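Visitor:
2 protein chains.
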Amino acid sequence: MNDDKNVHIFTISQIADELDISTRTIRFYEEKGLIKPGRTAGNQRIYTARNKARLKLILRGKRFGFSLDDISEMIGMADTDMDELAQIEKSLYFGEAKLKEIQDRKKELSLLEQDILATRKKLLQRFTELKNPATTNNKKENV
Amino acid sequence: MNDDKNVHIFTISQIADELDISTRTIRFYEEKGLIKPGRTAGNQRIYTARNKARLKLILRGKRFGFSLDDISEMIGMADTDMDELAQIEKSLYFGEAKLKEIQDRKKELSLLEQDILATRKKLLQRFTELKNPATTNNKKENV
DNA sequence: CTTATAGTTTACGTAAACGTTAATTATAAA
DNA sequence: TTTATAATTAACGTTTACGTAAACTATAAG
Numbered sequence: 000m001n002d003d004k005n006v007h008i009f010t011i012s013q014i015a016d017e018l019d020i021s022t023r024t025i026r027f028y029e030e031k032g033l034i035k036p037g038r039t040a041g042n043q044r045i046y047t048a049r050n051k052a053r054l055k056l057i058l059r060g061k062r063f064g065f066s067l068d069d070i071s072e073m074i075g076m077a078d079t080d081m082d083e084l085a086q087i088e089k090s091l092y093f094g095e096a097k098l099k100e101i102q103d104r105k106k107e108l109s110l111l112e113q114d115i116l117a118t119r120k121k122l123l124q125r126f127t128e129l130k131n132p133a134t135t136n137n138k139k140e141n142v
Numbered sequence: 000m001n002d003d004k005n006v007h008i009f010t011i012s013q014i015a016d017e018l019d020i021s022t023r024t025i026r027f028y029e030e031k032g033l034i035k036p037g038r039t040a041g042n043q044r045i046y047t048a049r050n051k052a053r054l055k056l057i058l059r060g061k062r063f064g065f066s067l068d069d070i071s072e073m074i075g076m077a078d079t080d081m082d083e084l085a086q087i088e089k090s091l092y093f094g095e096a097k098l099k100e101i102q103d104r105k106k107e108l109s110l111l112e113q114d115i116l117a118t119r120k121k122l123l124q125r126f127t128e129l130k131n132p133a134t135t136n137n138k139k140e141n142v
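From first to last, the protein sequence lines are chains A and B.
Counting along the first sequence from 1, when you hit position 54 you're at 53 in numbering that gives the first Met the number 0, and nothing is skipped either side.
Counting along the second sequence from 1, when you hit position 139 you're at 138 in numbering that gives the first Met the number 0, and nothing is skipped either side.
(1) Output, in chain order, the set of chain B residues within a Cβ distance shorter than 8 angstroms of A/Lys97.
(2) Can you look up B/Ile34 in the DSSP assignment and give me helix, strand or coil?
(3) Let me confirm a value: B/Gln86 is counted as buried when at least 16 other C-beta atoms fall within 10 Å, else exposed. Which label applies?
(4) For chain A, find out if any of its Cβ atoms is closer than 9 angstroms to the Cβ of B/Ser12; answer yes or no.
(5) Could you round the C-beta distance between B/Ile45 and B/Ile25 to whole angstroms and report it? I think they count as a contact, below 8 angstroms.
(6) Candidates B/Lys61, B/Leu67 and B/Phe9: which alpha carbon is nearest B/Glu30's?
(7) Establish whether the CB of A/Glu60 and some CB of chain B are separated by less than 9 angstroms.
(8) Can you tell which of A/Glu72, A/Gln43 and A/Leu54 has the C-alpha that lies nearest to the C-alpha of A/Ala15?
(9) Let's see if you can read the secondary structure: which residues bound the alpha helix (DSSP H) around B/Ile70?
(10) Counting C-beta neighbours from all protein chains within 10 Å, is the total for B/Ser71 16 or more, i.e. buried, or is it exposed?
(11) Spell out a yes or no on whether the segment 117–135 of chain B and the segment 92–107 of chain B are touching, meaning 3 or more CB-CB pairs, one atom from each, closer than 8 angstroms.
(12) Taking the straight line between their C-alpha atoms, what separation do you get for B/Lys61 and A/Arg38?
(13) What do you get for B/Phe63, buried or exposed, if any count of 16 or more other CB atoms within 10 angstroms of its CB means buried?
(14) What does A/Ile8 reach in chain B if we use C-beta pairs closer than 8 angstroms?
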């Protein structure tokens with residue numbers, strides 16, 4: 000079984016360029032235990048496609064306001080001093096909670112969208128008022 | 000025209016309790032110009048339902064990882080040293096960008112959900128493997 | 001083999017978003 | 001009216017998530 004599949008290996012700067020983050024950020028995530036890339040003979044980091052996918056997941060979580068600690072638990076790599084079973088159970092439990100949170104956020108996302116649309120409406124109204132002062136009355140509202 | 004509608008007024012701690020944030024946080028948002036509550040004769044802050052709604056909007060934005068500066072611009076209260084027209088234009092422009100971002104996030108939300116579901120699947124698989132070692136082969140995968 | 005260029009660790013620096021006193025004043029309750 | 005709560009400003013402290021600089025090592029290019 001020649002394990003030649005996916006010999007695609009990346010350096011840290013290749014990853015940084017592709018994901019548009021700094022190398023410092025990548026190393027920082029490693030410090031926090033979020034990724035564990037391999038090393039060359041000369042001690043330089045090497046990243047597989049899997050490592051890259053993991054980073055994408057982390058960045059996705061961040062875009063939703065999750066802290067790195069949150070993400071760490073979501074991913075299921077936290078508390079490496081627990082036995083595997085307990086760790087898996089914890090991760091599963093945490094994952095369920097996060098799924099519910101995602102449901103909530105889906106709803107909130109729509110609310111936020113509506114908030115912004117409402118703000119836009121008011122701004123546009125005020126905009127035309129300023130452009131055309133005759134047609135409207137001067138009502139002072141602070142939203 | 001007796002303006003008796005909505006005389007519902009709240010103190011800062013009432014708001015803090017209801018929205019589950021600290022009074023410090025509320026005052027901090029005021030410092031940043033995100034809200035402008037009224038004052039009593041004795042200089043204490045008073046919040047209307049409108050002020051409360053504004054705070055909810057801010058918190059909603061935060062839950063999606065927007066910075067307070069972002070939210071400030073979304074809401075349309077940034078850069079008070081610009082003339083109103085320019086300010087409105089900027090806010091509108093920013094709002095459009097944020098709406099697009101929200102669209103993207105809707106898609107990403109599903110991706111994140113799928114990531115978690117996939118992780119859960121693997122965890123469950125490993126879980127049963129550990130509980131029932133005979134029935135499966137031992138494949139080592141580090142996600 | 002030399003020399004850019006890229007990567008490594010260590011460590012101090014920083015911006016954002018509040019937390020936490022402290023000293024003082026308002027307001028509500030008895 | 002005294003007194004217990006609650007609110008106010010001011011200022012320094014803290015955590016998260018990196019930025020940045022220094023001193024050194026690996027690797028690629030010529």
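Cβ atoms here follow ideal geometry from the backbone N, Cα and C, with glycine treated the same way.
Note that the structure is predicted; figures quoted are calculated from it, not measured.
Guide: Taking the coordinates as given:
(1) On the first sequence, position 98 is the one that residue 97 of chain A refers to. Ile115, listed in chain order.
(2) Residue numbering aside, residue 34 of chain B sits at position 35 when the second sequence is read from its first letter. B/Ile34 falls in the coil class under three-state DSSP.
(3) Reading the second sequence from its first residue, position 87 is the one you call residue 86 of chain B. By the neighbour-count rule (16 or more Cβ atoms within 10 Å), B/Gln86 is buried.
(4) Looking up residue 12 of chain B in the second sequence gives position 13. By this cut-off, B/Ser12 is not an interface position.
(5) Taking the first residue of the second sequence as position 1, residue 45 of chain B is located at position 46. Taking the first residue of the second sequence as position 1, residue 25 of chain B is located at position 26. The Cβ separation is near 12 angstroms, so there is no contact.
(6) Counting from 1 along the second sequence, the entry for residue 30 of chain B is found at position 31. Measuring from the Cα of B/Glu30, the nearest candidate turns out to be B/Leu67.
(7) Taking the first sequence and counting its residues from 1, the one referred to as residue 60 of chain A is at position 61. Per the sequence shown, residue 60 of chain A should be read as Gly rather than Glu. Chain B, which has a Cβ nearer than 9 angstroms to the Cβ of A/Gly60, makes this yes.
(8) Residue numbering aside, residue 15 of chain A sits at position 16 when the first sequence is read from its first letter. It is A/Leu54.
(9) The sequence position of residue 70 of chain B within the second sequence is 71, counting from 1. Note, B/Ile70: alpha helix (DSSP H), Leu67 to Ile74.
(10) Counting from 1 along the second sequence, the entry for residue 71 of chain B is found at position 72. In this structure B/Ser71 is buried. Its beta-carbon is surrounded by 16 or more other beta-carbon atoms within 10 angstroms.
(11) no
(12) Numbered from 1 along the second sequence, position 62 holds the residue referred to as residue 61 of chain B. Numbered from 1 along the first sequence, position 39 holds the residue referred to as residue 38 of chain A. B/Lys61 and A/Arg38: Cα-Cα distance of roughly 38 angstroms.
(13) Numbered from its first residue, the second sequence carries residue 63 of chain B at position 64. With 16 or more Cβ atoms within 10 Å of its Cβ, B/Phe63 is classed as buried.
(14) Within the first sequence, numbered from 1, the residue matching residue 8 of chain A stands at position 9. Neighbours of A/Ile8 in chain B, taken as residues whose beta carbon is under 8 angstroms from its own, are absent, since the nearest beta carbon is some 16 angstroms off.
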